[in-house]
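Going line by line, the protein sequences match chains A and B. To convert, take the position in the first sequence, counting from 1, and add 83; that gives our numbering. To convert, take the position in the second sequence, counting from 1, and add 12; that gives our numbering.
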Amino acid sequence: AQSVTQPDIHITVSEGASLELRCNYSYGATPYLFWYVQSPGQGLQLLLKYFSGDTLVQGIKGFEAEFKRSQSSFNLRKPSVHWSDAAEYFCAVVQTGGYQKVTFGIGTKLQVIP
Amino acid sequence: EAGVTQFPSHSVIEKGQTVTLRCDPISGHDNLYWYRRVMGKEIKFLLHFVKESKQDESGMPNNRFLAERTGGTYSTLKVQPAELEDSGVYFCASSPGLVAYFGPGTRLTVT
């Protein structure tokens, strides 16, 4: 069964510092890959997605993610974190081929300190 | 364009009572999904509608959960009777294809 691993449950960074959130997936074929964010009191918002092609994907709010097939990873990055980035981040995959359900990682809570 | 909406945003009920959650998808999206997040756990798939038909209900925990999608528009998820372990946040999502757009969720607390 496919699975998504986010090894960091909580991360604290200083405002202005760089950020990298890790995500690894386990699946036979490369799935479609996503990052979602849930800000306090909000729903899940799509940050970015990877289907194929360029392995460096740009998203909203200054985020990017890099797909590395050899490592089965899809890590999320941001060069300079803002206080408003404090939220919970979810890596997710969808099996290729047809309309399929989303499988989520457990989520990483990001705290931003001044 | 309006996003996915869910009602209510919060619900607190006693064990044994019935609760109905509602989801209004983005207009024109044939695919509608329900997910649930129990505290401290992953967001888990419950079921998938394509229009009014259930495509996949493999994630439904048991027969106390009943989902419907009237006329391929809005959907309801009924829990009857509710148990303590049903507490969590229930998310609805709709999709025209591969990208799912999520609602804000309904936080259900069973006491």
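Positions of the beta carbon are idealized from the N, C-alpha and C atoms, including for glycine.
Check	Outcome
Please name the residue, chosen from B:P116, B:V122 and B:T121, that lies closest to A:Q125 on a Cα-to-Cα basis.	B:P116
Throw me the rounded Cβ distance for the A:Q141 and A:E147 pair, which I believe falls under 8 Å.	5 Å
Which residues in chain B have a C-beta closer than 8 Å to the C-beta of A:K184? List them in chain order.	Y45, F57, H60, D68 and G71
Counting along the chain, where does the beta strand (DSSP E) carrying A:N158 start and finish?	S156 to K161
Report the neighbours of A:G136 on chain B: residues whose CB is nearer than 8 Å to its CB, in chain order.	Correct list: empty, because the minimum Cβ distance to chain B is about 14 Å.
Beta-carbon of B:L89 versus every beta-carbon of chain A: anything under 7 Å?	no
When you compare each of B:P93, B:L33, B:Q29 and B:V50 to B:T17 by their alpha carbons, which one comes out closest?	B:L33
If you scan the segment 120 to 172 of chain A from start to end, which runs of the beta strand (DSSP E) of 3 or more residues do you find wholly inside it?	127 to 133, 139 to 141, 147 to 151 and 156 to 161
Comparing the C-beta of B:G28 with each C-beta of chain A, is any distance below 7 Å?	no
When you compare only the Cα positions, how much space is there between A:F173 and A:A100?	20 Å
Note down the Cα distance separating A:A169 from A:E98, rounded to an integer number of angstroms.	10 Å
Excluding the five sequence neighbours on either side, which residues of its own chain have a C-beta within less than 7 Å of the C-beta of B:Y113, listed in chain order?	G15, V16, I38, A105, S106 and S107
Grouping DSSP H, G and I as helix and E and B as strand, with all else coil, what is B:L110?	coil
Could you give the C-beta distance for B:L120 and B:S87, rounded to a whole number, given that I count them as a contact under 8 Å?	16 Å between Cβ atoms; not a contact.
Only counting runs of 4 or more residues, tell me where the alpha helix (DSSP H) segments fall wholly within the segment 17 to 73 of chain B, in order along the chain.	none
According to the neighbour-count rule (16 or more other Cβ atoms, all chains shown, within 10 Å of its Cβ), is B:V24 buried or exposed?	exposed
For my contact list, A:Y115 and A:Q128 are in at a C-beta cut-off of 8 Å; report their separation, rounded to the angstrom.	Contact doesn't hold; Cβ gap of about 17 Å is too wide.
Using a C-beta to C-beta distance shorter than 8 Å, which residues of chain A count as neighbours of B:V50?	Those do not exist, as B:V50 stays about 11 Å from chain A at its closest Cβ, beyond 8 Å.
Going by C-alpha to C-alpha distance, which of B:M51, B:T82 and B:Y47 sits closest to B:E69?	B:Y47
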